[in-house]
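Heads up: take any position in the sequence shown, counting from 1, add 33, and you land on my numbering. Note that CB positions come from ideal geometry on N, CA and C, so glycine has one too. Report on one structure; see the data block that follows.
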Amino acid sequence: MKPSEPELIPLSALLAEGRAILSANTSAEPQVDARLLIEHATGLNRTRQLANPDGLVPMAQAEQARAAFARRAGGEPVAYIVGYRSFWHHDFLVTKDTLIPRPETEHLVEWALDKIPLYQEVTVIDLGTGSGAIALSLAIERPNALVIGCDLSRAALRVARANQAQMAPNAPKPVGWINGHWACMLKAHRADLIVSNPPYIAANDPHLNQGDVRFEPRSALVAEGEGLDDYRVIIEQAYRVLKPGGWLIFEHGYNQGESLRALLAEAGFVSIETRQDLAGLPRNTAGQIAPNGTK
Ligand code: GLN
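This is the structure we're talking about:
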């Protein structure tokens, strides 16, 4: 007679299984990933897992966790398996139609917040909003701002709207979503601030065949012209859409700061500055429309 399967498995044994599979495969952080996937299957968050490491997990949930380990071992990003990623102060829904928000993009949020006064009704536009992570983070911090998220992908905008809805009852109210190609559908002199984390990876970059990016939408990652073509379009359109004194702030690749400063200067922007991320790499560049009104 076959011994019957145990009905329960200790959390610590499940965690050890996950860690073993993930460290042999994709994960740079097998322990962190295994815990997130176990949380997804069992509902036990990290704190509860740490508080009760030998708690018993029902076999059906353990099987779900094992299925998630297998997907992760096949390379799929944790964020797509569990369906969300933490960014700024929130968990954002993500799907294969949206880029997964990155920690370094929080620098873009920080710099943008410096430019948005707390008590003024300014208009802020996020170009290529994807899951809406940047637009919604800004809108929550600055309730008086009118924040508009734009994206060419209707599927991405559905995710952004779902993110706004899932934040209820604290959902930021003045957020609009627009479907279109960068800023072409926006009126001239409309915006006080434009932020964008556009696609910036060159089509032949070997980085595209590694890790999470293999599963992310190419339209959100790859740009022609050494990864700079979308910046060229955005800079031209932003120049028309921004008010005098308005700011444009980009995220970019670690080796694109110099090119972006040149492109912004060529287009007539002033006060151009590049800042580094926590890894010490040039990551954000901003420029302003001259405040005196003459463009
Ligand atoms: N930072 C992402 C990466 O290098 C790319 C994001 C983007 O293209 N906007 O993985």
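Tell me, please, which residues DSSP counts as bridged to residue 309.
Under the DSSP definition of a beta bridge, residue 309 partners with 315.
Residues surrounding ligand 1 [beta-carbon distance to nearest heavy atom under 7 Å]:
132, 135, 137, 230, 231, 232, 233, 234, 240, 246, 253, 254, 284, 286
Element boundaries [beta strand (DSSP E), containing residue 118]
117-120
For residue 235, collect the residues of the same chain with a Cβ closer than 7 Å to its Cβ; drop the 5 residues on either side in sequence, then sort them by chain order.
259, 260
Can you grab the Cα-Cα spacing for the pair residue 74 / residue 106, in whole Å?
16 Å
DSSP has residue 111 in a bridge; who is on the other side?
In the DSSP output, where bridge partners are listed per residue, residue 111 has none listed.
Could you pull out every unbroken alpha helix (DSSP H) segment of at least 4 residues lying fully inside the region 232-301, listed in chain order?
You should have 257-260, 262-274, 290-300.
From residue 116 to residue 323, what does the alpha carbon distance come to, in whole angstroms?
For residue 116 and residue 323, the gap between their C-alpha atoms comes out near 42 Å.
Distance check for residue 288 and residue 193, CA to CA, integer angstroms please.
The C-alpha of residue 288 is placed about 29 Å away from the C-alpha of residue 193.
Taking three-plus beta-carbon pairs below 8 Å as touching, is the region 298-308 in contact with the region 243-254?
no
Residues sharing a beta bridge with residue 156, DSSP:
Per DSSP, the beta-bridge partners of residue 156 are 179.
Roughly how many angstroms separate the alpha carbons of residue 198 and residue 256, rounded to a whole number?
31 Å
Following the continuous beta strand (DSSP E) through residue 210, name the residue where it begins and the one where it ends.
208-212
For residue 319 and residue 281, I'd like the C-alpha separation in whole angstroms.
Rounded to the nearest angstrom, the two C-alpha atoms are 5 Å apart.
Rounded to whole angstroms, what's the CA-CA distance from residue 144 to residue 179? Just pull it up for me.
17 Å
Does the Cβ of residue 201 have 16 or more other Cβ atoms within 10 Å, making it buried, or fewer, making it exposed?
exposed
Sort 119, 279, 65 by Cα distance to residue 223 and report the nearest one.
279
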